[in-house]
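Peer 1:
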Amino acid sequence: MLRKLGLSLLFGGAIAANAVAAEPYKFGYLVDASGPMQGTFKATLDGFQLYIDQINKKGGVNGRPIDVQVRDIQSDTQRSVNAVQELATTDALAILGLAVSNTHAAVYSAAEKLGLPVVAGYPANIPLALPPATPNAFATGLIFSVTGEVAGKLAHTIVPSGKTLVCLGFESPGSLLACEAATKSAQANGFTKTESIIVPLTQRDFRSVVDKVLALKPDVVTDCFGRGHVVSLLPALGAAGYDGVYLNMESGIGIDALREAVKDSPDLKLYTYSRYIVNGEGEGEQAKALRDAAKQAGTKELLTYHAAGWALGQVVVDAVKRCGPTCNKQSYTAALEKVDVDPSGLSGAPIKFSPTDHYGASAYRLYKFDHATKAFSAVGDWVQATSTPVVAKK
Amino acid sequence: MLPISLIVSTASIGIVYAVLALAVVFIYRTSRVLLFCVGEIGMLSAYVLRDVWVWVGPGLGGFAAGAAAAIAAAAVVGLILYTVIERFGGHHNHFVGTIVTVAFSIFLLGVLSAGWGGEISRLPIRLGFTTVLGQRVPLLGPAVIAVGVVVLATVGLALSWSDFGIDSQALADNRRLAQLRGIPVERRLQAIWISAAVMSGIGGCLSAAVSSVSIEGAVVGLSGIVAAIIGGLTSPLGAIIGAILLALGENVTTSLFDARYSHVVPVLFLVALLIVRPSGLSGRAESIARV
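Protein sequences appear in the order of chains A and B.
Quick note on numbering: the first sequence equals residues 316 to 709 in our numbering.
Quick note on numbering: the second sequence equals residues 1450 to 1740 in our numbering.
Laid out in C-alpha cells, this is it:
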C-alpha cells in the first residue's frame, strides 16, 4: 500500500512538474487587422508568427512553447486599452505589436498601470523608448524622429544640390514627428525651403494635395505614410507630371505596393529607405532562416514587414531566454533591458536595449527603383543612426 | 490663375459625391430610411470591378466585364438589403430601417476585410493626360466626370419619363395613395433599393478610380450622406448642389489652407445649414410634412 502511494506521488509529481514545464510563455499582440491601417500593420504579425512558429517547432524556449494571443484593435485607442486590460488577466508577460501611433501613449500608460512591458513592433513607434526611456516602453520599429532625421540626410545624398523638400504626412503623432524631423534634418543638410503637408488619416484622393506639392517645385518629396496613402498618392503625382525624386519611408508600405503605384509614372524617380531589408535580399543567418520559413509557409514575396516581424520575434525570445523558466512580467521587463540581438542580414545594426535606452542604435538602407527591371536595388551601405535625434523627445 | 487640375478634381469628386448622394435621396424619399451603407456598397463594387477586370485582362473587354460584375454585386446587395429591411418591418418603422443599414455597413466592412484582407490597390486604368492652356490635366478626372454625368442624366431622365420614375415619385409623395392608384408599391420599392445600391456601387467605383480600392475608401459614403442632407434629403437637384458645394469646400480648403481641415468642411456645412436652413437647400422635407 505504502509502495503504491509512493509511486503515485512520484508519478504525480513528475506529471505536475511536466505540466509546469509545458506551461507556455504568454504574450499579447495588438494589431490593426480590420481597421483603417490594416494594410500597414497586419503583415508584421505574419513575420513575427513565422519566427515564433519555428521556435515552437524546435520545442520552444526552456522547454516551454510561446503562446501569442492576438487582439484586433483596429487602430482604435479604446479597443487597444480594453485589449491590454483583458490580456493582463491572461498572465501575459508583455504586450507586443501595436497599431497606428495615435494609440501608443494610451497603451503604454494602461500597460504601465498593470506592470506590463510593451514592445512596439514595426512600423510605427513613439519616442517613449528613446533615452531616457519610459520604464515599460520598448520599440523595434521606426521611431519617426530618428527615421525622419535619416530622410533629411538621404535627401541630400540623392540630390546634393537640392534646395526644396516637401514632406507629406498624415494626422498621427508619429507622422507629424517624422515630417518635423525630416524638414529640420533637410535644412541642416543644405535644403533652404522645406514644407510639411499633413493630410487626414482617411485621405485617399490626393489630386488637390498634388497640386499644392507641385506649386512648391520640390527637388525631393518625402513621406511618412501608410500603404493606402502611398498607393493613392504616387499615381496622382505621376499623372500630374512630377518627375523629381520621391523618397519613400518604408513604414509598412511594401515594395509590391510601390512597384504597382509607379507603374504608369516612368519619369518619377522613386527611392525608399528602410530599417529592415525590403525584399529578402540580405546575407546572414537570420535572413536565410527567414527565407526558409517563408518558403515553407508559402509566402509569395518577402517584404520588410516579414523581416521586421522576424526581428521582433528575436527580441521577444531573447528576453524570454534571459528571463528563465520562472519568468514573470517584472523579470521579463528586466530581461528586455538586456536584449542584445543580431538580426544578421535583416538589418544593418544589432537591436540592443539598456536600462535607459529601449530602442538603441538603428541602421537604414537606401534603395532605388529601376523602372526597366521593376526592382529595387540597394544604394550604398547602411546609414547608422543613434537613438538621440536632433528633434527633441516629445 | 486657378489650376485647371483643381477645377477638374473638384468637379470629379463632386460628381462622385452626387452619385452617392442621389442613392441616399432615392431611398430616403421613398422609404424614409437613411442609407448608411452607401460607401461600403461602393467599395464592395470597386473590389469586384478590380478583380474581374484584372482577371479578364486589361482593355475594354475587361472593363466591361468588371463593370457588369460590379453592378451585379451592388444589385444583389440592394436586393438583400431590401429583403432584410422588409423582414424587420423597416419600411414601416424608419428608425429600424436606418439601423439595419448601419448594421449592413458594419457587416459589409467585415465582408470586405474577410474577402480582401485589407488589400489596397489601383484600378487598372491608363488614360494618360492632355494639356489645356499650358497646364497638364490627367484624363482620369474628365473621364470620371463624363461617367458621373451620364449616370446622373440617366437617373434624371428615368425619373421624369419612365413609368418606373413616375411611379417612384408618386410613391415618394404619398405611398398610400400610390397603392390605391394601383401602383405595385412593393415591386417599385424593391427596384428603388436595387437602383440605389447600383448607384452606390457606381459611386464607389468612381471614387476608387481617382484614389484607390481600399476598405478605408468606404468613408466616401459619409460625404455622400452629408451632401444629401445639405440638399434636403428629398431633392435630387439639392443633393447634386450639396455634393458640388461639399467638394468645392474640401478642395479649396486643401489648396488654400491646410488639407487637415478639409474634413471639417462637411461639419461646418451641416452646422451652418442647421442654423440657416434646417430642412436643407431644397426645403422639401418641410413641405412634404405639411402635405
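Even glycine gets a Cβ: it sits at the ideal position worked out from N, Cα and C.
Where does B:Ser1617 fall in DSSP's three states?
Peer 2: DSSP places B:Ser1617 in helix when its eight states are reduced to three.
Peer 1: Is A:Ala687 near the ligand ATP, going by C-beta to nearest heavy atom under 8 Å?
Peer 2: Among the components modelled here there is no ligand, and therefore nothing to report on the ligand ATP.
Peer 1: Is the beta carbon of A:Leu516 closer than 9 Å to that of A:Val654?
Peer 2: No, these two residues do not count as a Cβ contact at 9 Å.
Peer 1: Report yes if the CB atom of B:Ile1674 is closer than 9 Å to the CB atom of B:Leu1561, and no otherwise.
Peer 2: Cβ atoms of B:Ile1674 and B:Leu1561: not closer than 9 Å.
Peer 1: What residues in the region 337–357 of chain A have a beta carbon less than 7 Å from any beta carbon of chain D?
Peer 2: No chain D appears in the structure shown, which is made up of the protein chains A and B.
Peer 1: According to DSSP, is A:Val396 helix, strand or coil?
Peer 2: Helix.
Peer 1: Just confirm the distance between the C-beta atoms of A:His621 and A:Leu408, as a whole number of angstroms; I'd bet it's less than 8 Å.
Peer 2: With a Cβ gap of about 24 Å, A:His621 and A:Leu408 do not count as contacting.
Peer 1: Taking Cβ positions only, does A:Leu320 come closer than 9 Å to chain B?
Peer 2: Residue confidence for A:Leu320 is low, a pLDDT of 44 falling below 50, so the modelled location carries little weight and cannot support an answer.
Peer 1: Quick one: does B:Arg1630 have its CB under 9 Å from some CB of chain A?
Peer 2: Chain A contact via Cβ: absent.
Peer 1: Could you pull out every unbroken beta strand (DSSP E) segment of at least 3 residues lying fully inside the region 579–619 of chain A, listed in chain order?
Peer 2: The region 579–619 of chain A contains these whole beta strand (DSSP E) runs: 584–589.
Peer 1: Using 10 angstroms around the beta-carbon of B:Gly1510, count the other beta-carbons present and answer buried if the total reaches 16, otherwise exposed.
Peer 2: Exposed, since its Cβ has fewer than 16 Cβ neighbours within 10 Å.
Peer 1: Determine contact between the region 1489–1497 of chain B and the region 1637–1650 of chain B, defined as no fewer than three beta-carbon pairs at a distance below 8 Å.
Peer 2: With the cut-off at 8 Å, the region 1489–1497 of chain B and the region 1637–1650 of chain B touch.
Peer 1: Are the beta-carbon atoms of B:Gly1653 and B:Val1669 separated by less than 9 Å?
Peer 2: Contact: yes.
Peer 1: So what does DSSP say about A:Ala693, is it helix, strand or coil?
Peer 2: Three-state DSSP puts A:Ala693 in a strand.
Peer 1: Assign A:Glu565 to one of two classes, buried (16 or more other C-beta atoms within 10 Å of its C-beta) or exposed (fewer than that).
Peer 2: That one is buried.
Peer 1: Put A:Leu516 into one of helix, strand or coil per three-state DSSP.
Peer 2: Three-state DSSP puts A:Leu516 in coil, outside helix and strand.
Peer 1: Whole angstroms are fine: how far does the CA of A:Val536 sit from the CA of A:Val560?
Peer 2: So the alpha carbons of these two residues sit roughly 6 Å apart.
Peer 1: Let me see if you follow: with CB-CB separation under 9 Å, is B:Arg1739 close to chain A or not?
Peer 2: Residue placement at B:Arg1739 is poorly supported in this model, since its pLDDT is 42, which falls under 50; the coordinates still yield a value, given next. No, no contact with chain A.
Peer 1: Does DSSP put B:Phe1512 in a helix, a strand or coil?
Peer 2: DSSP places B:Phe1512 in helix when its eight states are reduced to three.
Peer 1: Within the continuous alpha helix (DSSP H) that includes A:Val524, where are the two ends?
Peer 2: From DSSP, the alpha helix (DSSP H) with A:Val524 extends over Arg522 to Ala530.
Peer 1: Can you give me the C-alpha to C-alpha distance between B:Val1533 and B:Val1549, rounded to a whole angstrom?
Peer 2: C-alpha separation (whole angstroms): 8 Å.
Peer 1: For the alpha helix (DSSP H) containing B:Arg1499, name the first residue and the last one.
Peer 2: From DSSP, the alpha helix (DSSP H) with B:Arg1499 extends over Val1487 to Val1505.
Peer 1: Can you give me the start and stop residues for the beta strand (DSSP E) that B:Pro1587 sits inside?
Peer 2: Counting along the chain, the beta strand (DSSP E) containing B:Pro1587 begins and ends at Gln1584 to Pro1587.
Peer 1: Have a look at A:Arg574 and A:Ser395 and give me their C-alpha separation to the nearest angstrom.
Peer 2: Cα-Cα distance, rounded: 33 Å.
Peer 1: Tell me, please, whether the region 434–453 of chain A touches the region 463–472 of chain A by the rule of three or more beta-carbon pairs shorter than 8 Å.
Peer 2: Contact between the region 434–453 of chain A and the region 463–472 of chain A is absent, because fewer than three Cβ pairs lie under 8 Å.
Peer 1: When you compare the CB of A:Gln364 with every CB in chain B, is at least one pair closer than 9 Å?
Peer 2: With 9 Å as the cut-off, A:Gln364 does not count as an interface residue toward chain B.
Peer 1: Please report whether the beta-carbon of A:Arg742 lies at a distance below 9 Å from any beta-carbon of chain B.
Peer 2: Examination of residue 742 of chain A is not possible in this model, given that chain A is present from 316 through 709 alone.
Peer 1: By the three-class DSSP mapping on this structure, what secondary structure does A:Gly412 have?
Peer 2: Note: A:Gly412 maps to strand in three-state DSSP.
Peer 1: Kindly indicate which three-state DSSP category B:Gly1687 falls into: helix, strand or coil?
Peer 2: If DSSP states are grouped into helix, strand and coil, B:Gly1687 belongs with the helices.
Peer 1: Please return the same chain residues whose Cβ sits closer than 7 Å to the Cβ of A:Glu338, not counting the five positions on each side in sequence.
Peer 2: Closer than 7 Å at the Cβ level, and outside the excluded window around A:Glu338, lie Arg379.
Peer 1: I'd like to check one pair, B:Ser1711 with B:Gly1590: are the Cβ atoms closer than 9 Å?
Peer 2: No, the Cβ-Cβ distance between B:Gly1590 and B:Ser1711 is not below 9 Å.
Peer 1: Expressed to the nearest angstrom, what Euclidean distance is found between the alpha-carbon atoms of A:Tyr674 and A:Val656?
Peer 2: Computed Cα separation, rounded: 12 Å.
Peer 1: Using the C-alpha atoms, what's the distance from A:Ala470 back to B:Val1720?
Peer 2: Roughly 44 Å between the two C-alpha positions.
Peer 1: Is the CB-CB distance between A:Arg542 and A:Gly569 below 9 Å?
Peer 2: In this structure, A:Gly569 lies closer than 9 Å to A:Arg542 by Cβ.
Peer 1: Ignore the nearest five residues each way along the sequence and tell me which others in B:Ala1524's own chain have a CB closer than 7 Å to its CB.
Peer 2: The residues are Ile1643, Ala1646 and Val1647.
Peer 1: Inspect the CB distances between the region 588–600 of chain A and the region 680–695 of chain A and report whether three or more fall short of 8 Å.
Peer 2: Touching, per the Cβ criterion.
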